[in-house]
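Presented below is the structure to which this report refers.
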Amino acid sequence: MLFPSVIFLALVTSAPVVQATTLIQALQNSGASDFAQFVQSNPTLSALYSSDQVKTVFAPINGAVLSSFRKQKRSSSPSADRQGAYHAMRETNNYGSLTIQPGSVLNSNDDSGNTKGQPQHAVTDPSNKTQSTDTKRWLGHRSTANTTFPPLLKIFTGLGEYVNIIKPDIPYDGGLIHIVDDYFTLPEPLSNTASANGHTSFLNVAQSSNLTSTLDNTPAVTVFIPSNSAFSKPNSTSSYSSSSNLLSGHVIPNFLGYLPALTNGATYTTQAGTNVTITIKGGDYYVNNAKIIASNQILENGVAHVVDSVC
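Okay, structure coming up:
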């Protein structure tokens, strides 16, 4: 007759051992094997993703590799390192927390930004969940005629570009994976961002004032870019003594004002020494009387929002 302790030991030793899924296994099982290969083939990224610095991974679905990035897939380079680090977040960000208004500021492992020691960020926007289905590769096999797809949560990155979360909350032994429909766009200087988005009037004012380089290199700034139509309004710039004063009046120094960080009634002092006040009405954000019409254009040195009039 076996003693109970012997029986218990036999049951314990014979029970199957359930091993936690590794990051690479979870990526491969979730349609992101290309990204898994990219991480594995880069020694810097492999070490990063194996560390406890990574708690949440935004992994592009297979086929989403940027055309300009394919050649770097198997090599280590500064841009490859940045790209991989930008997809790796320092905190655990479950999908539910990302959908809470007014959005979340995500702390990546990309430390290349000119942001006074803060990491480069990406920002979720729960209020802006629209989707152009006919332009997304992962929906390419579906017919878009007379079809409505469920809204997807957007994550804004460099140049004001965004990706959509298409498969959230995939667990692995170090945290969570969210599958997204494209690679993040790396943040660039303000002048490149304004040019990419067609803000020619703002750029012309910056160039005529010889402030392009200053705006590109001032660390940790929030910039409100008046749209081209804002500059064309009668007397739109009459309250400013010069073009350089106008630009300075649209820059908040030493503040990373991503949309979730802007609170109703908050007042900030600009580089020109003037004050701007944030007002939130029905989900719309205003800077004084100027409405933010495009938000969270992530810069190398901060963030830009487009407004519909000169502040």
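Residue numbers (the numbering used here): 154 to 464. Glycine is no exception: its CB is placed at the ideal position from the N, C-alpha and C atoms.
Could you give the C-beta distance for residue i and residue j, rounded to a whole number, given that I count them as a contact under 8 Å?
i, j, result
"residue 311", "residue 339", "5 Å"
"residue 331", "residue 248", "7 Å"
"residue 449", "residue 309", "4 Å"
For residue i, which beta-bridge partners are listed by DSSP?
i, result
"residue 455", "374 and 452"
"residue 331", "211"
"residue 421", "429"
"residue 240", "Paired residue(s): none; residue 240 is not in a bridge."
"residue 277", "308"
"residue 325", "328"
"residue 350", "Looking at the DSSP assignment, residue 350 forms no beta bridge with any residue, so it has no partner."
"residue 460", "379 and 445"
"residue 259", "275"
"residue 234", "For residue 234, which the question treats as bridged, DSSP gives no partner whatsoever."
"residue 363", "Answer by DSSP bridge pairing: none, since residue 363 is not bridged."
Can you grab the Cα-Cα spacing for the pair residue i / residue j, in whole Å?
i, j, result
"residue 189", "residue 451", "26 Å"
"residue 421", "residue 427", "8 Å"
"residue 179", "residue 273", "25 Å"
"residue 347", "residue 258", "22 Å"
"residue 315", "residue 435", "23 Å"
"residue 358", "residue 394", "13 Å"
"residue 466", "residue 182", "There is no way to answer for residue 466, as the model of the chain reaches only from 154 to 464."
"residue 290", "residue 307", "Summary for residue 290: the model assigns pLDDT 44, below 50, so the residue's position carries little reliability; its value from the coordinates is reported in the next sentence. Approximately 16 Å between the Cα atoms of the pair."
"residue 270", "residue 177", "30 Å"
"residue 365", "residue 376", "13 Å"
"residue 246", "residue 430", "30 Å"
"residue 191", "residue 241", "13 Å"
"residue 209", "residue 321", "11 Å"
"residue 305", "residue 239", "21 Å"
"residue 193", "residue 204", "13 Å"
"residue 317", "residue 231", "25 Å"
Candidates the options: which alpha carbon is nearest residue i's?
i, options, result
"residue 277", "242, 177 and 256", "256"
"residue 412", "406, 440 and 397", "440"
"residue 262", "193, 275, 254 and 395", "275"
"residue 206", "194, 264, 174 and 217", "264"
"residue 409", "268, 250, 173 and 203", "268"
"residue 237", "195, 387 and 271", "195"
"residue 341", "215, 235, 443 and 414", "235"
"residue 381", "374, 375 and 389", "389"
"residue 383", "429, 367, 366 and 355", "355"
"residue 173", "304, 327 and 208", "327"
"residue 463", "419, 392, 416 and 431", "392"
"residue 352", "432, 313 and 211", "313"
"residue 211", "200, 369 and 329", "329"
Within the same chain, show all residues whose beta-carbon is closer than 7 Å to that of residue i, passing over the 5 residues directly before and after it, in chain order.
i, result
"residue 213", "185, 188, 333, 335 and 336"
"residue 374", "404, 405, 406, 454 and 455"
"residue 433", "417"
"residue 457", "343, 346, 376, 378 and 450"
Within its chain, find whatever has a CB closer than 6 Å to the CB of residue i; leave out the 5 residues flanking it on each side and keep chain order.
i, result
"residue 424", "401, 404 and 406"
"residue 446", "459 and 461"
With a CB to CB cut of under 8 Å and the five nearest residues on each side skipped, what residues in its chain are close to residue i?
i, result
"residue 396", "358, 361, 362 and 390"
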